[in-house]
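Right, one structure below, let's go through it.
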Amino acid sequence: MFVQGDYGEFFPPSLSSIPYNISVATSYSGYDNIEIAKKYGYDVEEIKETIPEITEKVIKSIDLPKDIKNVTDDILQAVIFDQENKKYFRIIRPELDFYRQHNLPLPRINPFTRLSEKRKRFGTIVFELYNRSCPQCGNNFQTSYAPDRPEIVYCEQCYQQEVV
Ligand SMILES: [Zn+2]
3 MFVQGDYGEF FPPSLSSIPY NISVATSYSG YDNIEIAKKY GYDVEEIKET IPEITEKVIK
63 SIDLPKDIKN VTDDILQAVI FDQENKKYFR IIRPELDFYR QHNLPLPRIN PFTRLSEKRK
123 RFGTIVFELY NRSCPQCGNN FQTSYAPDRP EIVYCEQCYQ QEVV
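Taking our numbering as reference, the numbering of the sequence shown is continuous, increasing by one, and the terminal residue is 166.
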């Protein structure tokens, strides 16, 4: 890291442990363009989704009871099919207990799609940069730490001298 000159930089795309296209990054607005990710050197792999043979009872999500009071524990053995997104999912015990405790209906949409939609609601992640001066040497630099925050923020040079 010291020899290559990338010490202190964010991890390079080559160290990413999973292909970009199946990472959670793609579920954030502004980070879902696979072609741009490839240009930055991220690994992209075609993932073939295999649907295992389902021997359990399959319930279409639109046919789930609308009221949680009408759901029995049998739902824990069933496979639920989200027709809109063509995905299968299950309900697990802690989840069922939570829905019952809070009197919430079972979800109709599979968890991956729900999570992805939730992340997209955050919008594009934009970091605000502020001008600050280094308390060690007085150099001016930009940082994501707002000037009114209590942390002491050194310029990169002073930071590197401090941590090495
Ligand atoms: Zn400094």
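C-beta: ideal position from N, C-alpha, C; glycine also.
Note that this is a predicted model, so its numbers are computed, not measured.
- Taking every protein chain shown into account, the CB of C139 has fewer than 16 other CB atoms within 10 angstroms, so this residue is exposed.
- Distances from the CB of N133 to the heavy atoms of ligand 1 are all 6 Å or more.
- According to DSSP, residue pairing for D84 in a beta bridge involves K89.
- Beta-bridge partners assigned by DSSP to V26: none are found.
- Residue side-chain check: Q163 keeps its Cβ at 6 Å or more from all non-hydrogen atoms of ligand 1.
- Leaving aside the five residues that flank I49 on each side, the residues in its chain whose CB is nearer than 6 Å to its CB run, in chain order, I24.
- By the criterion of at least three beta-carbon pairs nearer than 8 Å, the region 89–107 is in contact with the region 63–72.
- Looking at the DSSP output, S135 shares a beta bridge with N142.
- DSSP, read as helix, strand or coil, puts V155 in coil.
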